[in-house]
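Enquirer:
2 protein chains.
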Amino acid sequence: MSDRELHLNAFLMGVGHHEAAWRHPRTDPRAVDDVAHFQNLGRIAERGTFDSVFLADGVQIWGDVRHSIANRFEPVTLLTAIAQATEHIGLIATASTGFSEPYNLARLFSSLDHISGGRAGWNIVTTAGDRSAQNFNKEANTEHAERYQRAAEFLDVVTALWDSWEDDALVVDGKSGVFADETKVHEINHKGRFFAVRGPLNSVRSPQGHPLLVQAGSSEDGKEFAATWAEAVFTAQQTHEEATAFYTDLKRRVVANGRSADSVKVLPGIVPVLGGTEAEADRLADELTELIVPVRAVRQLSELIGVDLTGHPLDEPVPALPPVTRINGAKSRFELVRDLAEREKLTLRQLIGRLGGGRGHQVVAGTPEQIADHIELWFTTGAADGFNVMAPLLPSGLAEFVDHVVPLLRRRNLFRSEYTGRTLRDHYGLPRPVNRYTEASLTRA
Amino acid sequence: MSDRELHLNAFLMGVGHHEAAWRHPRTDPRAVDDVAHFQNLGRIAERGTFDSVFLADGVQIWGDVRHSIANRFEPVTLLTAIAQATEHIGLIATASTGFSEPYNLARLFSSLDHISGGRAGWNIVTTAGDRSAQNFNKEANTEHAERYQRAAEFLDVVTALWDSWEDDALVVDGKSGVFADETKVHEINHKGRFFAVRGPLNSVRSPQGHPLLVQAGSSEDGKEFAATWAEAVFTAQQTHEEATAFYTDLKRRVVANGRSADSVKVLPGIVPVLGGTEAEADRLADELTELIVPVRAVRQLSELIGVDLTGHPLDEPVPALPPVTRINGAKSRFELVRDLAEREKLTLRQLIGRLGGGRGHQVVAGTPEQIADHIELWFTTGAADGFNVMAPLLPSGLAEFVDHVVPLLRRRNLFRSEYTGRTLRDHYGLPRPVNRYTEASLTRA
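Going down the list, the protein sequences come from chains A and B. Start counting at 1 in the first sequence, then tack on 5, and there's your number in our numbering. Start counting at 1 in the second sequence, then tack on 5, and there's your number in our numbering.
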């Protein structure tokens, strides 16, 4: 394999990423409540030597209860169950900085990292939308920039808690009765604008030191946050041109932050609609589009971009959308959708068809060769360090990707044939963070 | 088996409940960070057809970092891992109402209940102590009565969220595109003194409807809370007389609350120090007492009762303790310790020896016959519905209990030989709660 290694993450969502996946005969929609379904997905991705599996999350019902799969497992517990069914693959859970306490969240991810032997990752989200806030004692959500300010302080606290036990703090000398060296267990005494946390955490440092930090916001605030904190970035990019611009911009910000460009892996989403022939792939794409329930899709689109389009005639052009400065939701996704609608002059029906596959992530229909070509092109021309693979149907779409696309990527010397490392950080080629307290005492010495 | 069935819960704690367990040659103290150790404990308890395993928890470091095992897994994730290694046994996690949000906590336990196929239980604690509060943006903890008021409202919210999907809300009709009947998915619109939560939960109702509700506070506030909410109560009782008084009082309060006496199971803690002979059991008890590190034990005792006894001479009598009204910690445990010290006129060294086995829970050293006699006596004379078994050494003490005491209890027709039910509620002989929204619509009809 060449020095630079492709990274693949399997984004697991219900019975598939296409919004009508559950209506397609190749899925079993009751599986969304079955832990065995998700463990099976973890095993399939591991068979394909994927770096990781990933679960999105929210703290409210998404979409239209009548027509959507609105129920979901809590991700950290579900990944703990997947950890028991797998040996190597990384386990990335989404959790919000908006509505939980850093001490609780630090413990959950530390525990997942311990339980999985160093395979935990945290996809950091700030959570947009008033519906979420209304589940947490608030009438309305806080403003976009402030959400990111809170997130930054949240990360300060959580990473300090993860460092509060130095790696060699445990002594465990039964003879003397000394269990730990108390000089290596630190109060963090954080006092900030949003949080005051004394510490230490009641858990020893986890196998990875810090679980891998992942981020997916692509707004200005989001990119600045990623440049400071993220080690992997999931992003939605519709074209090679946009993807390259995003990749270049993000790496530049990372370097401007004093980090190496390599220290952050950029993974655009890809929805691979696979067929043995192009015609077969197109047929599957059409079948899925046919199954979209327009009323549900328009409601989901409205939530996605933070603009109410329900009631707008389906076969009229998408109306002019407000300026992004008026959007308090997911700003970058709003811009992506607006640009797509304007560029291609889409009607509302056409737009929901285009978004049905991956909510703004790029949909590529084709043969395994064509999908592999697409991946290779983006990987070798500065658009991606890897991909966030979003199979339209689960498990079938992931299994097909593993059985037909992954072998091509291996043959082209782009992707691993076996795991060589043990932790999620190993898979992504990222170092284990030095403990800030150990570092401080070494500097003093 | 007689109509009334004994219930056994295995309280799992590190490598044993005795505070010096980790120094004893029969334990491996490094196992406290090993998920396989806890999975093994789950399997041992399941071999003994225990109703459940249980994990305590706190949101701070307990005790003296130098001499204690201060690190621990987060319980819900650890029980999720144990769920994967077992099939029948119930899984009870402690979580605090003091420092988390009802929506997040409702999801975690719903998820554990889904993942385990209906085996989840929640041991509700309010969390005493300023050290905990200082990890959550506060200088000092709130006052005892207010903690329970918050807990009661927390339960109102969590149970409403668990009911927010009626049991038959899922339709999953691919043909029509209807996933759920939206008239059976309810906003809860809670607005109270401590919380405002809109709902619904983003999870369908879990196999048990509500995870089993467990509680362990034995103060006035604690008992009133238990009478309203608890379905199982863990309690520390030193004598048969005290245990009977507690049992009678609690059942009376439950009935006064309009619930049947049977609807709450009372399980005192028991620390069985087992030996093939009495002399062998006494020798083990002495070995463990010898291994106590006094400075650590006094610090733990001080935390347990909320009175600082560090610095008091070990071989002097325990000093007079303040009135319980001045205690803002675990009031009932304070009274238990005070009564024990006064009744037996103990020195501080003697007191820490007496508490070393089980932090105030009853220690019974003896042969399997003697332990079984003790259990039978308490069970048949109105002192207990079962026991919270706290093995002094783990796994050895639990394995000995399962292999030598459980067979006697089975032979005496007190305890099950196999699981007949599927869920934790089945094991405890407790009904699946009726959904409040279904009930309301039936009443209206």
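In this text, a Cβ means the ideal position worked out from N, Cα and C, and glycines have one as well.
1) Three or more beta-carbon pairs under 8 Å between the region 43-57 of chain A and the region 417-430 of chain A, yes or no?
2) Starting from Val300(A), trace the alpha helix (DSSP H) in both directions and tell me its first and last residue.
3) Nearest CA to the CA of Gly365(A): which residue from His379(A), Glu381(A), Thr352(A) and Arg343(A)?
4) Find the residues of chain B that neighbour Ala185(A), judging by a C-beta separation of less than 9 Å, and give them in chain order.
5) Less than 8 Å between the beta carbons of Thr91(B) and Arg48(B), yes or no?
6) Mind checking the region 35-49 of chain A against chain B and listing, in chain order, the residues whose C-beta falls within less than 8 Å of any C-beta there?
7) Using alpha carbons as the reference points, say which of Phe78(A), Asn76(A), Leu272(A) and Gln243(A) lies closest to Leu14(A).
8) Going along chain A, which residues have a C-beta under 8 Å from Gly365(B)?
9) Buried or exposed for Pro30(A), please, with buried defined as at least 16 other CB atoms from any protein chain shown within 10 angstroms of its CB.
10) For His215(B), tell me which candidate among Thr102(B), Ser265(B), Val162(B) and Ala266(B) has the shortest Cα-Cα distance.
11) Our contact map puts Ala250(A) next to Val259(A) with C-beta atoms below 8 Å; I'd like the distance itself, whole angstroms only.
12) Taking the Cβ atom as the reference point for each residue, do Leu1(A) and Tyr108(A) lie within a distance shorter than 8 Å?
13) What did DSSP end up calling Val20(A) once you bin it into helix, strand or coil?
14) Using a beta-carbon distance below 8 Å, is Arg4(B) in contact with chain A?
15) Could you name the residues of the same chain whose beta carbon sits closer than 7 Å to that of Glu24(A), not counting the 5 residues immediately before and after it, in chain order?
16) Round the Cβ separation of Ser121(B) and Leu83(B) to the nearest angstrom and send it over; I've been treating them as touching at under 8 Å.
17) Let me check one thing: in DSSP terms, what residues is Ser57(A) bridge-paired to?
18) Ordered along the chain, which non-local residues of its own chain (more than five positions away) have a Cβ less than 6 Å from that of Thr443(A)?
19) According to DSSP, is Pro212(B) part of a helix, a strand, or is it coil?
20) What's the C-alpha gap between Ile87(A) and Phe43(A)?
21) I want to verify the contact list: residues of chain B whose CB lies under 7 Å from the CB of Gln65(A), in sequence order.
22) Of the choices Arg354(B), Gly402(B) and Val219(B), whose alpha-carbon is the least far from that of Ile275(B)?
23) Counting only Cβ pairs nearer than 9 Å, list the residues of chain B close to Ala442(A).
24) Can you grab the Cα-Cα spacing for the pair Gly358(B) / Ala346(B), in whole Å?
25) Quick check on Trp234(A): does DSSP put it in helix, strand or coil?
26) Spatial neighbours of Ser307(B) within its chain, please: CB distance less than 7 Å, with the 5 preceding and 5 following residues excluded, ordered by chain position.
27) Look at Ala138(B) and Asn146(B) and say whether their C-beta atoms are less than 8 Å apart.
28) In the DSSP output, what is Val276(B) paired with across the bridge?
29) Determine the burial state of Ala75(A): buried for a count of at least 16 other Cβ atoms within 10 Å of its Cβ, exposed for fewer.
30) In the structure shown, what three-state DSSP assignment does Ile193(A) receive?
31) If you compare alpha carbons, which of His22(B), Gly227(B) and Val238(B) is closest to Tyr433(B)?
32) Arg35(A) to Arg354(A), Cα distance in whole Å?
33) Just the Cα atoms here: how many angstroms apart are Asn194(A) and Val64(B)?
34) Could you tell me the distance, in whole angstroms, from the CA atom of Val190(B) to the CA atom of Pro205(B)?
35) From this set, Val177(B), Phe114(B) and Trp67(B), which residue's C-alpha is nearest Thr32(A)'s C-alpha?
36) With a threshold of 16 other CB atoms inside 10 Å of the CB of Arg203(B), please say whether the residue is buried or exposed.
Expert: Reading it off the structure:
1) yes
2) Position 295 of the first sequence holds residue 300(A). Note, Val300(A): alpha helix (DSSP H), Pro299 to Ile310.
3) The residue labelled residue 365(A) in the question sits at position 360 within the first sequence. Closest option to Gly365(A), judged by alpha-carbon separation, among His379(A), Glu381(A), Thr352(A) and Arg343(A): Arg343(A).
4) Working through the first sequence from its first residue, we reach residue 185(A) at position 180. Residues of chain B passing the Cβ test: Val70, Arg71, His72, Ser73, Ile74, Ala75 and Asn76.
5) Start at 1 with the first residue of the second sequence, and residue 91(B) comes out as number 86. Start at 1 with the first residue of the second sequence, and residue 48(B) comes out as number 43. Cβ atoms of Thr91(B) and Arg48(B): closer than 8 Å.
6) Cβ contacts with chain B: Arg35, Asp38 and Val40.
7) Here residue 14(A) is taken as the residue at index 9 of the first sequence, counted from 1. Residue identity differs from the one stated: residue 14(A) is Asn in this sequence, not Leu. Asn14(A) has its Cα closest to that of Leu272(A), out of Phe78(A), Asn76(A), Leu272(A) and Gln243(A).
8) Numbered from 1 along the second sequence, position 360 holds the residue referred to as residue 365(B). Those do not exist, as Gly365(B) stays about 21 Å from chain A at its closest Cβ, beyond 8 Å.
9) In the first sequence, counting from the first residue as 1, residue 30(A) sits at position 25. Classification for Pro30(A): exposed.
10) Sequence index remark: in the second sequence, residue 215(B) carries index 210 (1-based). Selected option, being the one with the closest Cα: Val162(B).
11) Here the question's residue 250(A) lines up with position 245 in the first sequence. Here the question's residue 259(A) lines up with position 254 in the first sequence. Between Val259(A) and Ala250(A) the Cβ distance is about 15 Å, and since that is not below 8 Å, they are no contact.
12) With chain A running from 6 to 450 in the structure shown, residue 1(A) is simply not present.
13) Here residue 20(A) refers to the residue found at position 15 of the first sequence. Note: Val20(A) maps to coil in three-state DSSP.
14) Outside the shown range of chain B, which is 6 to 450, sits residue 4(B), and nothing can be said about it.
15) Start at 1 with the first residue of the first sequence, and residue 24(A) comes out as number 19. Hits under 7 Å: Ile297, Ala302, Gln305 and Gly361.
16) In the second sequence, the residue the question calls residue 121(B) occupies position 116. In the second sequence, the residue the question calls residue 83(B) occupies position 78. Not quite, the Cβ-Cβ distance comes to about 12 Å (not below 8 Å), so this is no contact.
17) In the first sequence, the residue the question calls residue 57(A) occupies position 52. The partner list for Ser57(A) (beta bridge, DSSP) reads Asn14(A) and Gly95(A).
18) Counting from 1 along the first sequence, the entry for residue 443(A) is found at position 438. The answer, listed in chain order, is Glu171.
19) Here residue 212(B) refers to the residue found at position 207 of the second sequence. Here Pro212(B) sits in coil by DSSP.
20) Translated into the one-based positions of the first sequence, residue 87(A) becomes position 82. Translated into the one-based positions of the first sequence, residue 43(A) becomes position 38. Between Ile87(A) and Phe43(A), the C-alpha separation is close to 7 Å.
21) The sequence position of residue 65(A) within the first sequence is 60, counting from 1. Close partners of Gln65(A) in chain B (Cβ separation under 7 Å): Asn207.
22) Here residue 275(B) refers to the residue found at position 270 when the second sequence is read from its first residue. Selected option, being the one with the closest Cα: Gly402(B).
23) Locating residue 442(A) in the first sequence gives position 437, counting from the first residue. According to the sequence provided, residue 442(A) is Tyr. The question's Ala does not apply to it. The contacting residues do not exist; Tyr442(A) stays about 14 Å from chain B at best.
24) Against the second sequence, residue 358(B) aligns to sequence position 353. Against the second sequence, residue 346(B) aligns to sequence position 341. Cα-Cα distance, rounded: 12 Å.
25) Numbered from 1 along the first sequence, position 229 holds the residue referred to as residue 234(A). Trp234(A): helix per DSSP, three-state reduction.
26) For this step, residue 307(B) is matched to residue 302 along the second sequence. Same-chain partners within the cutoff: Asp313, Leu314 and Thr315.
27) The count along the second sequence starts at 1 and reaches residue 138(B) at position 133. The count along the second sequence starts at 1 and reaches residue 146(B) at position 141. In this structure, Asn146(B) lies closer than 8 Å to Ala138(B) by Cβ.
28) Reading the second sequence from its first residue, position 271 is the one you call residue 276(B). Bridge partners of Val276(B): Val368(B).
29) Walking along the first sequence from the start, residue 75(A) turns up at place 70. Under this definition Ala75(A) is a buried residue.
30) Here residue 193(A) is taken as the residue at index 188 of the first sequence, counted from 1. Looking at Ile193(A) - three-state DSSP - the assignment turns out to be coil, as it is neither helix nor strand.
31) Taking the first residue of the second sequence as position 1, residue 433(B) is located at position 428. Closest option to Tyr433(B), Cα to Cα, is Val238(B).
32) The count along the first sequence starts at 1 and reaches residue 35(A) at position 30. The count along the first sequence starts at 1 and reaches residue 354(A) at position 349. Between Arg35(A) and Arg354(A), the C-alpha separation is close to 28 Å.
33) Working through the first sequence from its first residue, we reach residue 194(A) at position 189. Working through the second sequence from its first residue, we reach residue 64(B) at position 59. Looking at the two C-alpha atoms, the distance is approximately 15 Å.
34) Position 185 of the second sequence holds residue 190(B). Position 200 of the second sequence holds residue 205(B). A direct Cα-Cα distance of roughly 7 Å separates Val190(B) from Pro205(B).
35) Position 27 of the first sequence holds residue 32(A). Checking every option, the nearest Cα to that of Thr32(A) belongs to Val177(B).
36) On the second sequence, position 198 is the one that residue 203(B) refers to. Counting the other Cβ atoms within 10 Å of the Cβ of Arg203(B) gives 16 or more, which makes it buried.
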